[in-house]
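Enquirer: Got a structure for you, written out below as structure tokens; questions coming shortly.
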Amino acid sequence: MTMRTILAIILSTMTLPAVFAWEHVGADSYKFTYHCRFASHPGGHFGIRIAGQDTAEWRSVTVRVPDVDIDDVFNRGEVNIIYSHKTPGAKERTDSTIRVPFIAASDRFPELSLRLSSYNDRLTITFGEKEPVYRSVITIDNTQPVSLKYSHDKKTRPIRHTLRSTLYPTIAQGPFDNIDSLKAYTAASEDIYEGIWRYYDRSFNPFKVPDEGRYNIATIKTDDGYRIIYLSTDDNIPTRLRPLDIKGNLNDSGFDGIFNLQWLDAQGWPADRYASAQFEGNLLTLRFPTLDVTLRFARVKQNDNQP
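Each step along the sequence shown adds one to the number in our numbering, with nothing skipped, and position 163 is 170.
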């Protein structure tokens with residue numbers, strides 16, 4: 008046996024990890040799923056790493072398959088699931104291990120699934136074979152792009168992996184270049200439904216909808232009704248809205264002072280389809296019956312510096 012043959016045999020039996028290229032999800036995605044399936048020999052391991060834009064901070068999930076005899080009943084044992092977190096500047100990563108009882112559907116080399124699913128700021132980790140046997144949820148920063156990649160050792164063969172993401176809807180910008188020009192327009196308007204409105208009060212069910220903050224808005228006449236223009240918020244609640252973005256539309260309902268309301272939430276998604284708006288003097292009331300929410304806004308006087 009030649010030295011080259013011996014070296015080839017040694018290399019083929021080593022368990023060095025195989026690491027693949029980063030795949031990216033932009034900040035304009037509100038949810039994604041990274042799903043990998045592997046076939047692993049006993050004692051093999053595989054995992055997924057998720058990182059920020061510069062990859063200086065990362066998290067990883069590693070699955071270690073039971074190290075049992077190849078001729079034994081492979082469908083019994085415990086799977087070690089290792090969660091690791093590396094922060095910028097830290098010399099070492101932090102690890103935590105969970106042992107999960109696992110019964111494989113096949114006796115040898117089952118096809119195992121590891122999935123990371125993100126929705127807003129929640130990242131769900133799921134592991135299993137045909138059915139999930141482990142699930143955990145952690146919180147991540149969903150305002151920045153993320154990068155993902157999978158890895159495995161020589162005892163594991165990747166079968167397939169997919170990355171799917173869903174983009175946030177596009178939010179249109181209103182017709183004004185700046186808030187001063189909008190204020191000048193509303194100051195000169197004689198339309199009783201046009202104006203600038205400051206948050207006044209609200210009634211909502213926190214079990215149905217999250218608190219989206221205290222908005223300041225403007226209403227502007229259009230050919231088919233009125234536009235609602237987002238100006239600012241008095242809270243630090245995250246929103247994709249920029250000042251002067253279109254927050255909603257008011258369409259004629261056939262009743263004086265009452266309009267059908269098309270409203271976008273903080274992420275740009277349409278809200279309650281049965282929503283309505285009602286002007287009553289210096290108050291504007293928005294009602295969302297399906298969501299059990301009522302918002303009221305007070306008209307801002309033109310010499311007021313708010314919002």
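Beta carbons are placed, not taken as given, at the ideal position from N, Cα and C, and that holds for glycine.
When the Cα atoms are used, what is the spatial distance from ILE16 to ALA58?
Expert: Here ILE16 scores only 34 on pLDDT, less than 50, and its place in the model is too uncertain to base an answer on.
Enquirer: Just to confirm my understanding: we take THR133, look at its own chain, exclude 5 residues before and 5 after, and list those with CB closer than 6 angstroms. What are they?
Expert: Within the same chain, THR133 has close Cβ partners ARG122, PRO139, ARG142.
Enquirer: Could you say which of ASP242, ILE105, GLU219, VAL300 lies nearest to ALA273 if we only look at CA atoms?
Expert: Selected option, being the one with the closest Cα: GLU219.
Enquirer: Restricting to Cα atoms, I'd like to know which of ASP263, TRP204, ASP160, LYS228 is closest to ARG306.
Expert: It is TRP204.
Enquirer: Measuring CB to CB, does TYR157 end up less than 8 angstroms from ILE55?
Expert: Yes, these two residues count as a Cβ contact at 8 angstroms.
Enquirer: By how many angstroms is the C-alpha of GLY96 removed from the C-alpha of PRO245?
Expert: About 27 angstroms.
Enquirer: Could you round the C-beta distance between ASP160 and THR146 to whole angstroms and report it? I think they count as a contact, below 8 angstroms.
Expert: That pair is no contact at about 30 angstroms.
Enquirer: At which residues does the beta strand (DSSP E) containing ALA305 begin and terminate?
Expert: That run of the beta strand (DSSP E) goes 300-306.
Enquirer: State the start and end residues of the unbroken alpha helix (DSSP H) segment that holds ASP187.
Expert: Unbroken alpha helix (DSSP H) run through ASP187: 186-195.
Enquirer: Return the CA-CA distance between LEU290 and LYS254, expressed in angstroms with no decimal places.
Expert: One C-alpha to the other measures close to 18 angstroms.
Enquirer: Between the region 192-201 and the region 166-173, are three or more C-beta pairs nearer than 8 angstroms?
Expert: Verdict: no, contact absent.
Enquirer: Between which two residues does the beta strand (DSSP E) holding GLY202 run?
Expert: Counting along the chain, the beta strand (DSSP E) containing GLY202 begins and ends at 202-210.
Enquirer: What residue range does the beta strand (DSSP E) around GLU357 cover?
Expert: Because residue 357 is not part of the residues shown, which for the chain are 8 to 314, the question remains open.
Enquirer: Under three-state DSSP, which class holds ILE147?
Expert: Three-state result, ILE147: coil.
Enquirer: Might you give, ordered along the chain, the residues of its own chain that have their beta carbon closer than 6 angstroms to the beta carbon of ASP74, omitting 5 neighbours on each side?
Expert: Answer for ASP74: PRO49, GLY50, listed in chain order.
Enquirer: Could you name the residues that DSSP lists as bridge partners for SER260?
Expert: In the DSSP output, where bridge partners are listed per residue, SER260 has none listed.
Enquirer: Starting from PRO108 and walking both ways along the beta strand (DSSP E), at which residues does that stretch end?
Expert: Run containing PRO108: 101-108, per the beta strand (DSSP E) assignment.
Enquirer: Would PHE45 pass as a contact of GLY84 if the rule is Cβ separation under 8 angstroms?
Expert: It is not a contact, given that the beta carbons lie outside the stated cut-off.
Enquirer: Here's a check: name, in chain order, each residue in its chain whose Cβ is nearer than 7 angstroms to the Cβ of LEU268, leaving out the five neighbours to either side.
Expert: So the qualifying residues of the chain are GLY255, LEU257, ALA282, SER283, ALA284, LEU293.
Enquirer: So is LEU189 buried or exposed if we call it buried at 16+ other beta carbons inside 10 Å?
Expert: It counts as buried.
Enquirer: Verify whether the separation of the beta carbon atoms of GLY181 and ASP230 is less than 8 angstroms.
Expert: The answer is no: Cβ separation not under 8 angstroms.
Enquirer: Under a CB-based cut-off of 8 angstroms, is ILE57 close to chain D?
Expert: Reference to chain D is not applicable here, since this structure consists of a single protein chain.
Enquirer: For THR104, which residues of its own chain have a beta-carbon under 6 angstroms away from its beta-carbon, when the five flanking residues on both sides are left out?
Expert: Cβ neighbours of THR104 beyond the five flanking positions: ASN87, ILE89.
Enquirer: For ARG106, which residues in the same chain have their Cβ closer than 7 angstroms to its Cβ, ignoring the five residues on either side in sequence?
Expert: These residues qualify, in order along the chain: GLU85, ASN87.
Enquirer: Spatial neighbours of GLU30 within its chain, please: C-beta separation below 6 angstroms, excluding the five flanking residues on both sides.
Expert: The residues are LEU155, LEU170.
Enquirer: Can you list, in chain order, the residues of its chain whose CB lies under 8 angstroms from that of GLU118, leaving out five sequence neighbours each side?
Expert: Excluding positions up to five away in sequence, the list reads ARG44, PHE45, ALA46, GLU136, ILE166.
Enquirer: Is LEU291 helix, strand or coil by DSSP?
Expert: It is a strand residue.
Enquirer: What is the DSSP secondary structure of ASP198, reduced to helix, strand or coil?
Expert: Of the three classes helix, strand and coil, the one that applies to ASP198 here is coil, per DSSP.
Enquirer: Quick one, which of ASN243, PHE39, VAL153 has its alpha-carbon nearest GLU64's?
Expert: Of the listed residues, the one whose Cα sits closest to GLU64 is VAL153.
Enquirer: How many angstroms separate the CA atom of HIS42 from the CA atom of VAL32?
Expert: Rounded to whole angstroms, HIS42 to VAL32 spans 14 angstroms at the Cα level.
Enquirer: Please classify SER210 as buried or exposed, where buried requires at least 16 neighbouring CB atoms within 10 angstroms.
Expert: Exposed, by the Cβ-count rule.
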